[in-house]
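Position 173, counted from 1, in the sequence shown is what this note's numbering calls 173; the numbers after and before it change by one each time, with no gaps.
Positions of the beta carbon are idealized from the N, C-alpha and C atoms, including for glycine.
Reading through the structure tokens given below for one structure.
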Amino acid sequence: MEKQVVLVACKQDVAVTAWDLATGTLLVTYKQNASPCNALCTLGKDYWMAAQMKNRAIHFWAWHKDQVHQRSFLKEQLLCVAASACGKYIVGGAASGTVYCWDVGSGQLMREWHAHYKAVNALSFTSDGHMFLSGGDDSTLNCWLLMNVLDYSAHATSNSGRLQPFQSWSDHTLPITSIACGAGGIHGVVCSASLDRTCKIYSLVSGSVLQAFAFPASIH
């Protein structure tokens, strides 16, 4: 059985730590990292990445090395990142409301578009990698088809040329802070958390609200 590892990051700290989930043993400390809470993700089986708090950099790391494998610099700081399960595509969200999509193999920026009216706080790919979801300070949760993001033909955009989401929900009343996708791809569910003290579970294929949970405090 493969070893299961937990990555722990903190925006006030300057290091990311990896822990053995079974034994609780500290495996390695990756220094020179201070990342927003949603700005770290695994990249395939061999790498992981983290957007930095104080600059426009993304750091890429190999699991077996405690030194930065590669640095990339962007035109604005990212608040959140996510990668497809296969590790081929990365998406990142920024304070401007823009979402960026890159091809990992070539490093090419495939698309950037105004996905939200305010900052993008959270991103999450579905288990099959065909879709990803974005949530932001505008309290909106959007679901995007990756094939539309990569397709510049007319059917993927509105008359204004703006990329259209596959689904869009506006049930939260305060900023969305976290998103988690279940198994099942398009037939699965997604859960969003918000500062409005609720978590909401949606069906991706129908768009219906399946369940809503209220909590005594805001959810970060």
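Let me know the secondary structure DSSP gives residue i once reduced to three states.
i    : result
G185 : helix
L210 : strand
V68  : coil
V14  : coil
V149 : helix
L133 : strand
W63  : coil
N55  : coil
N142 : strand
C37  : coil
D221 : Since the first residue of the chain shown is 1 and the last is 220, residue 221 is not available in this structure.
T23  : coil
K31  : strand
Q4   : coil
L123 : strand
S168 : strand
L225 : Only positions 1 to 220 of the chain appear in this structure, which leaves residue 225 out of reach.
Does the Cβ of residue i have 16 or more other Cβ atoms within 10 Å, making it buried, or fewer, making it exposed?
i    : result
C86  : exposed
F215 : exposed
Q108 : exposed
H220 : exposed
A183 : exposed
F213 : exposed
L210 : exposed
S170 : exposed
A22  : exposed
D221 : With the chain represented from 1 up to 220, any question about residue 221 goes unanswered, as that position is not in the structure.
What whole-angstrom Cβ distance do residue i and residue j have, given they're in contact under 8 Å?
i    : j    : result
A94  : L79  : 6 Å
Y89  : W61  : Not really, about 18 Å apart at Cβ, beyond 8 Å.
A50  : H59  : 5 Å
S139 : C181 : Between C181 and S139 the Cβ distance is about 19 Å, and since that is not below 8 Å, they are no contact.
L27  : A15  : In fact, because the Cβ distance is near 13 Å, the residues do not count as touching under 8 Å.
D20  : V8   : Contact flag wrong, Cβ pair sits at about 12 Å.
S134 : A115 : 5 Å
S203 : V189 : 6 Å
V91  : L123 : 5 Å
Cβ of residue i within 8 Å of Cβ of residue j?
i    : j    : result
A82  : C41  : yes
G207 : Q167 : yes
L141 : I176 : yes
M110 : L74  : no
L174 : S192 : no
W113 : V104 : no
Q52  : S72  : no
N121 : G136 : yes
Q222 : N55  : Outside the shown range of the chain, which is 1 to 220, sits residue 222, and nothing can be said about it.
Can you tell me which residues form a DSSP beta bridge with residue i?
i    : result
R111 : C101
S178 : A193
Y117 : Y117 pairs with nothing; no bridge assigned.
G93  : C80, V99
F73  : A57
I219 : Per DSSP, none; premise fails for I219.
C199 : A193, F213
When you compare the CB of residue i with every CB in chain B, is at least one pair closer than 8 Å?
i    : result
M110 : Although the question refers to chain B, the structure presented lacks it and comprises just one protein chain.
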